[in-house]
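Undergrad:
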Amino acid sequence: MDSEADIIRIISIIKKKLKTYEELQELDRLLSELKPLESAVDGLTMANRMLLLNSFTAEELGENEVLFSKGDPSDCIYVILSGSLQLYNHTLKDKGDMIPGNILGKGTILGERGILKDLPRSLTAVAIEHMYVLRLEAQIFKSLLGKEVNANMETKRKIVDQYIPGLAQIPAQQRERLAYLLDIEYYSRGVIIAKQGSFNEKILIILEGECKIFFQQGQYKRFLSTLEKGSWIGEESALFDKPSAFSVVVTSETLKVARIKNSDIKQVYPSATVQLLRSSYNAREIARNKLATFSHPCLTPRPSLPSSPRNFPLATPQAKEKMNTIINRMPHIRSSTLTKELMKCNLKGDIESQAETRAFRIRKSFARCRSQGLNS
Numbered sequence: 001m002d003s004e005a006d007i008i009r010i011i012s013i014i015k016k017k018l019k020t021y022e023e024l025q026e027l028d029r030l031l032s033e034l035k036p037l038e039s040a041v042d043g044l045t046m047a048n049r050m051l052l053l054n055s056f057t058a059e060e061l062g063e064n065e066v067l068f069s070k071g072d073p074s075d076c077i078y079v080i081l082s083g084s085l086q087l088y089n090h091t092l093k094d095k096g097d098m099i100p101g102n103i104l105g106k107g108t109i110l111g112e113r114g115i116l117k118d119l120p121r122s123l124t125a126v127a128i129e130h131m132y133v134l135r136l137e138a139q140i141f142k143s144l145l146g147k148e149v150n151a152n153m154e155t156k157r158k159i160v161d162q163y164i165p166g167l168a169q170i171p172a173q174q175r176e177r178l179a180y181l182l183d184i185e186y187y188s189r190g191v192i193i194a195k196q197g198s199f200n201e202k203i204l205i206i207l208e209g210e211c212k213i214f215f216q217q218g219q220y221k222r223f224l225s226t227l228e229k230g231s232w233i234g235e236e237s238a239l240f241d242k243p244s245a246f247s248v249v250v251t252s253e254t255l256k257v258a259r260i261k262n263s264d265i266k267q268v269y270p271s272a273t274v275q276l277l278r279s280s281y282n283a284r285e286i287a288r289n290k291l292a293t294f295s296h297p298c299l300t301p302r303p304s305l306p307s308s309p310r311n312f313p314l315a316t317p318q319a320k321e322k323m324n325t326i327i328n329r330m331p332h333i334r335s336s337t338l339t340k341e342l343m344k345c346n347l348k349g350d351i352e353s354q355a356e357t358r359a360f361r362i363r364k365s366f367a368r369c370r371s372q373g374l375n376s
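FYI, the numbering for the sequence shown is 1 to 376, going by UniProt numbering.
1) Could you check how far apart the C-beta atoms of Leu37 and Val133 are, in whole angstroms? I think they sit under 8 angstroms.
2) Between which two residues does the alpha helix (DSSP H) holding Glu38 run?
3) If contact is defined by three or more beta carbon pairs under 8 angstroms, each pair taking one atom from either stretch, is the segment 178–188 in contact with the segment 213–229?
4) Using CA atoms only, rank isn't needed, just tell me which of Thr254, Pro120, Ala194 is closest to Ser244.
5) Return the CA-CA distance between Phe215 and Ile286, expressed in angstroms with no decimal places.
6) With DSSP as the reference, please indicate the residues paired to Met98 in a beta bridge.
7) Consult DSSP for Cys345 and reduce its assignment to one of helix, strand or coil.
8) My output table needs one value for Ser188: the three-state DSSP class, helix, strand or coil.
9) Name the two residues that bound the continuous beta strand (DSSP E) containing Val268.
10) Determine the direct distance from the alpha carbon of Asp42 to that of Gly209, and round the result to whole angstroms.
11) What runs of the beta strand (DSSP E), each 3 residues or longer, lie entirely inside the segment 10–71?
12) Just mark Thr20 as buried or exposed, buried being the case when its beta carbon has 16 or more other beta carbons within 10 Å.
13) By DSSP's criteria, Ser225 is part of a beta bridge. Which residues make up the other side?
14) Run the CB neighbour count on Asn200, radius 10 Å, all protein chains shown included, and call it buried at 16 or more, exposed below.
15) For Ile260, list the residues DSSP reports as bridge partners.
16) Can you check which of these residues, Ser237, Thr45, Arg157, is closest to Leu178 by C-alpha distance?
17) According to DSSP, is Asp183 part of a helix, a strand, or is it coil?
18) If you compare alpha carbons, which of Val79, Ser74, Val66, Asn282 is closest to Gln139?
19) Beta-carbon within less than 6 angstroms of Ile233's beta-carbon, same chain only, minus the 5 sequence neighbours each way: which residues are those?
20) Buried or exposed: where does Val160 fall if 16 or more other Cβ atoms within 10 Å of its Cβ makes it buried?
21) Rounding to the nearest angstrom, what Cα-Cα distance links Gln162 and Ile192 in this structure?
22) Measure the C-alpha to C-alpha separation of Arg135 and Gly111 and round it to an integer number of angstroms.
23) What are the boundary residues of the beta strand (DSSP E) that Ala168 is part of?
24) Where does Ile286 sit, in a helix, a strand or coil, going by DSSP?
25) Does the beta-carbon distance from His130 to Glu59 come in below 8 angstroms?
26) Candidates Lys106, Thr108, Tyr88: which alpha carbon is nearest Pro100's?
27) So Leu51 and Leu144 are supposed to be a Cβ contact under 8 angstroms. How far apart are they, rounded?
28) Hey, quick one: how far does the alpha helix (DSSP H) through Ser237 stretch, first residue to last?
29) Mind checking who Ser247 pairs with in its DSSP beta bridge?
30) Assuming the contact rule is C-beta atoms closer than 8 angstroms, Cys211 and Leu255 should be a hit. Round their C-beta distance to whole Å, please.
31) What first and last residue would you give for the alpha helix (DSSP H) that runs through Leu116?
32) Can you give the Cα-Cα distance for Pro171 and Pro270, rounded to whole angstroms?
33) For Ser12, count neighbouring Cβ atoms within 10 angstroms of its own Cβ and tell me buried if that reaches 16, exposed if not.
34) If His198 and Val250 are in contact, beta carbons under 8 angstroms, what's the gap, nearest whole angstrom?
35) Under the three-state reduction of DSSP, which class applies to Leu119: helix, strand or coil?
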């Protein structure tokens, strides 16, 4: 749904009073690209899914047009189809001035919490540009999605209580808001979710799966440590406005994470929590920098080195004998022996990567023996 033609097609189908089953299927396919909406409706039966799609209406907003104001009744949810919204919060004196908050983009769902908690709108939403939103009435939302959304919120509340420090003393309503702002995301093996030298737009907390941290220095790649459940990724950009010092790659089949927007950390999270996160990050960064300094690089073999040298016509008999001894030992290097050597060196990283380092050293021995033979 990247083209304007797709937006126009969605609007045209939604505006029809009577829709065919084929049109609802087409609408389902087009809207499936709005990931938050797709995640919310994923558990519905096909009949309820079609009923939901048939219940959407569309609204068009011009630049600076107000979608809803703080204090308005929560009578529906909105899904941003195109464009973006600026959220505002009124000052304490409530003199009409407004404090800008988050900017929300395509796919964002607004208003679920107010409907489920029977609360009025807590913020004012204003269109930044010409845009379209989908509207779903509160009664239909509660009947079709209320149970699913409540279960999702309960899961996110547990994540907040378990993984985010410094929240024990804040009101339950504020913790509820932090849970509402969390998103759940999934990544597959091999995806780089943080890139060295790049700014992160979000913080990730690992809920299921594993990642590895690696440090790139020229042609060398150094794997530093493994990240598991409860680990934080990418907080340096939100906490210190600096790019990532390391890269992080998914190593498990799938990775489930909780996502926190940088803007939420800066604008919504308590200062005590932010300070705890900074202290925790500083301690981890010191440890990771030590690993990056002292761990052996996991090298890939250089093409210039001989892959399997066996014949050196100019070598001395002693050099040839030493070379043959080294070559004959290569297939018999046991992983247990290699593991013991790694433990002695206090290295961290996977055995395969360190085995490459061992192979590199053996190739250096080849080259040294060859040099001895040529110089004899």
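From the three backbone atoms N, C-alpha and C, an ideal C-beta is built for every residue, glycine too.
None of these values were measured; they are calculated from a predicted model.
TA: Reading from the atomic positions:
1) About 12 angstroms; that fails the 8 angstroms criterion.
2) For Glu38, the enclosing alpha helix (DSSP H) starts and ends at 35–41.
3) no
4) With distances taken between Cα atoms, Ser244 lies closest to Ala194.
5) The straight-line gap from Cα to Cα measures roughly 14 angstroms.
6) His90
7) The predicted position of Cys345 is uncertain, since its pLDDT is 39 and thus under 50; a value taken from the coordinates is nonetheless stated next. It is coil, neither helix nor strand.
8) strand
9) Looking at the DSSP string, Val268 is not in any beta strand (DSSP E), and its letter there is neither H nor E.
10) 22 angstroms
11) 57–61, 66–68
12) exposed
13) According to DSSP, Ser225 bridges with Ile213.
14) buried
15) Ile203
16) Arg157
17) strand
18) Ser74
19) Ala194, Leu204, Val248
20) buried
21) 26 angstroms
22) 10 angstroms
23) Ala168 -> no beta strand (DSSP E), and no H or E assigned at all.
24) Helix, per DSSP.
25) no
26) Tyr88
27) 7 angstroms
28) First-last of the alpha helix (DSSP H) with Ser237: 235–240.
29) Phe214
30) 7 angstroms
31) 112–116
32) 11 angstroms
33) exposed
34) Position check: residue 198 holds Ser in this sequence, whereas His was assumed. About 16 angstroms; that fails the 8 angstroms criterion.
35) coil
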